[in-house]
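Asks: Taking my numbering, the leading residue of the sequence shown gets 39, the next gets one more, and so forth. For every residue, glycine included, the Cβ atom is placed at its ideal position computed from N, Cα and C. As the structure is a prediction and not an experimental result, all values here were calculated from the model. Sharing a structure, written as structure tokens. Questions coming.
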Amino acid sequence: MTLSELITALPIYPTKSPHVYRLMRILIHSGFFAPKNTNENDQEEAYVLTESSRLLIKDNPLSVTPFLLAVVDPVLTTPWNYLTTWFQNEDLTPFDTAHGKTFWDYGGDEPKFANIFNDAMASDARLVMSIVVDKCKGVFEGLKSFVDVGGGTGTVTKAIADTFPDIECTVFDLPHVVADFQGSKNLKYVGGDMFEAVPPADAVFMKWILHDWNEEDSVKLLKRCKEAITTNDKKGKVIIIELMMENQKEDKKSTETQLFFDMMLMVLVKGRERNEKEWAKLFMDAGFSNYKITPILGLRVLIEVYP
């Protein structure tokens, strides 16, 4: 698409048209678009999509646009402005300082933000599970039941239920999160408090859950998951998908990503990103005997934790 075609296609106010080129210039530098001359005689700028921008197309089933929109939402960006104040008060997080309540309470009180957050988690789940169900089928084979703790709208569980129709799948989350969803043949929604009890299943699944909580809460949650495992054979386990700090992919960009996510958890909730040693300590403190780590996507790993 040429620059003139782009300006025509967008609702640009006429006097702002000259500035579109400047915006596209930085987006090219950032890798979201690539330049392309239309032909040898036409010197007008033209642009093509890159791998990064293709992930932002709405029609792309693996689009990460909802996740990006959540990250830049004022509800999540405002707490960063309160870091200095937070370091000098007793609030649990900068989010608490900025909004007067915890991240989780805010989501329960503000349906609009809750929908933004749930859509973000669903978009990330679609991307991750497209890899997991293709490359990690052995993790789920032989299971008779599966519960996704903090499963939100059920994107993860639907992927498992569709790929493994013989597994009885449960989406488990707070009552207000799952209240409006209907189950299917081998999928149901259950509301409750994961720190009180987890529905029984052969495998208990958690994606981006434990990193939201401190060590004490994480151990408590892992114990509830261990209690929920219904089989004593090798199939019984907790399956965790998380970002792994200090993993084998230690380039500059990877390190920046790890550190940013850890800072984001510090700002929004009580959690943190962890390295393998820190994960292992959580598992042992919760009474588990062993674990297995499988890299799946970039910095993220799938961890099987055994009773």
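Drop a sphere of 10 angstroms on the beta-carbon of Tyr59, count the other beta-carbons inside from all chains shown, and report buried for 16 or more, exposed for fewer.
Replies: With fewer than 16 Cβ atoms within 10 Å of its Cβ, Tyr59 is classed as exposed.
Asks: Suppose the cutoff is 8 Å on Cβ atoms and the five residues either side in sequence are ignored; what does the same chain contact list for Asp111 look like?
Replies: Around Asp111: Phe151 and Ile154.
Asks: Can you tell me whether DSSP reads Ile205 as helix, strand or coil?
Replies: Coil at Ile205, not helix or strand.
Asks: Rounded to a whole number of angstroms, what is the C-alpha to C-alpha distance between Ile279 and Arg338?
Replies: If you take the alpha carbons of Ile279 and Arg338, they lie about 7 Å apart.
Asks: Within its chain, find whatever has a CB closer than 7 Å to the CB of Pro345; leave out the 5 residues flanking it on each side and keep chain order.
Replies: Here the set comprises Lys264, Ile267, Gly274, Phe326 and Ser327.
Asks: Pro56 by DSSP, collapsed to three states: which one?
Replies: In the structure shown, Pro56 sits in a helix (DSSP, three-state: H, G or I).
Asks: Hey, how far is the Cα of Gln296 from the Cα of Leu93?
Replies: Each residue's Cα considered, the two are about 20 Å apart.
Asks: Can you find the residues in the same chain that come closer than 7 Å, C-beta to C-beta, to Ala197, ignoring five residues on each side of it along the sequence?
Replies: Contacts found: Met167 and Val171.
Asks: Excluding the 5 residues flanking Gly188 on each side, which residues of the same chain have their C-beta closer than 7 Å to its C-beta?
Replies: So the qualifying residues of the chain are Asp211, Met232, Met244 and Ile247.
Asks: Jot down the residue ranges of each uninterrupted beta strand (DSSP E) in the segment 57-139, minimum 3 residues, whole runs only, in chain order.
Replies: Fully enclosed beta strand (DSSP E) runs of 3 or longer: 71-73 and 85-87.
Asks: Go ahead and label Ala235 buried or exposed: buried means 16 or more other beta carbons lie within 10 angstroms of its beta carbon, across all protein chains shown.
Replies: The residue is exposed, with fewer than 16 neighbouring Cβ atoms inside 10 Å.
Asks: If you drop the 5 nearest sequence neighbours on each side, which residues of the same chain put their C-beta closer than 6 Å to that of Thr208?
Replies: Closer than 6 Å at the Cβ level, and outside the excluded window around Thr208, lie Val185, Lys226, Val228 and Pro237.
Asks: Taking Thr332 as part of the beta strand (DSSP E), name the residues at either end of that continuous run.
Replies: Residues Asn328 to Leu335.
Asks: Have a look at the DSSP bridge pairing and note the partners of Asp186.
Replies: Looking at the DSSP assignment, Asp186 forms a beta bridge with Val209 and Phe243.
Asks: Checking 8 Å against the spacing of the C-beta atoms, do Val307 and Phe141 come in under that value?
Replies: The answer is yes: Cβ separation under 8 Å.
Asks: Check for me: the alpha helix (DSSP H) holding Tyr144 runs from which residue to which?
Replies: Counting along the chain, the alpha helix (DSSP H) containing Tyr144 begins and ends at Phe141 to Asp147.
Asks: Do we get a CB-CB distance below 8 Å when we pair Glu311 with the residues of chain C?
Replies: The displayed structure is made up of one protein chain only, and chain C is not part of it.
Asks: Does the beta-carbon distance from Ser101 to Ser161 come in below 8 Å?
Replies: In contact: Ser101 and Ser161 (Cβ atoms closer than 8 Å).
Asks: When burial is assigned at 16 or more other CB atoms within 10 Å of the CB, is Ser256 buried or exposed?
Replies: By the 10 Å Cβ count, Ser256 comes out buried.
Asks: Under three-state DSSP, which class holds Leu44?
Replies: Leu44: helix per DSSP, three-state reduction.
Asks: What is the rounded straight-line gap between the Cα of Trp251 and the Cα of Lys173?
Replies: The alpha-carbon atoms of Trp251 and Lys173 are separated by roughly 28 Å.
Asks: Who are the near neighbours of Glu83 in its chain, counting only those whose CB is closer than 6 Å to its CB and skipping five residues on each side?
Replies: Closer than 6 Å at the Cβ level, and outside the excluded window around Glu83, lie Leu41.
Asks: Which one of Asp289, Met159 and Gly230 has the shortest CA to CA distance from Arg262?
Replies: Of the candidates Asp289, Met159 and Gly230, the one whose C-alpha sits nearest the C-alpha of Arg262 is Gly230.
Asks: If you draw a straight line from the C-alpha of Ala217 to the C-alpha of Thr191, how long is it?
Replies: The alpha-carbon atoms of Ala217 and Thr191 are separated by roughly 10 Å.
Asks: Leaving out five residues before and five after Phe71 in sequence, what residues of the same chain have Cβ atoms less than 8 Å from its Cβ?
Replies: Excluding residues within five positions, the ones whose Cβ falls inside 8 Å are Met62, Leu65, Tyr85, Val86, Leu87, Thr88 and Ser91.
Asks: Where does the unbroken beta strand (DSSP E) through Val228 begin, and where does it stop?
Replies: First-last of the beta strand (DSSP E) with Val228: Leu225 to Gly229.
Asks: With a threshold of 7 Å (Cβ to nearest heavy atom), would Asp211 be considered close to the ligand GTP?
Replies: Among the components of this structure there are no ligands whatsoever, and the ligand GTP is therefore not found.
Asks: Between Leu181 and Asp240, how many whole angstroms is the CB-CB distance? I'm expecting something under 8 Å.
Replies: At roughly 5 Å, the Cβ-Cβ gap stays under 8 Å, so Leu181 and Asp240 are in contact.
Asks: Taking the beta strand (DSSP E) that Glu316 belongs to, which residues open and close that run?
Replies: That residue, Glu316, is in no beta strand (DSSP E); its alpha helix (DSSP H) goes Glu314 to Asp323.
Asks: Could you compute how far the alpha carbon of Asp300 sits from the alpha carbon of Trp118?
Replies: The alpha-carbon atoms of Asp300 and Trp118 are separated by roughly 13 Å.
Asks: Just to check my reading of the structure: Gly309 and His249 have Cβ atoms closer than 8 Å, yes? What is that Cβ distance to the nearest angstrom?
Replies: Indeed they touch by this definition, with Cβ atoms about 5 Å apart.
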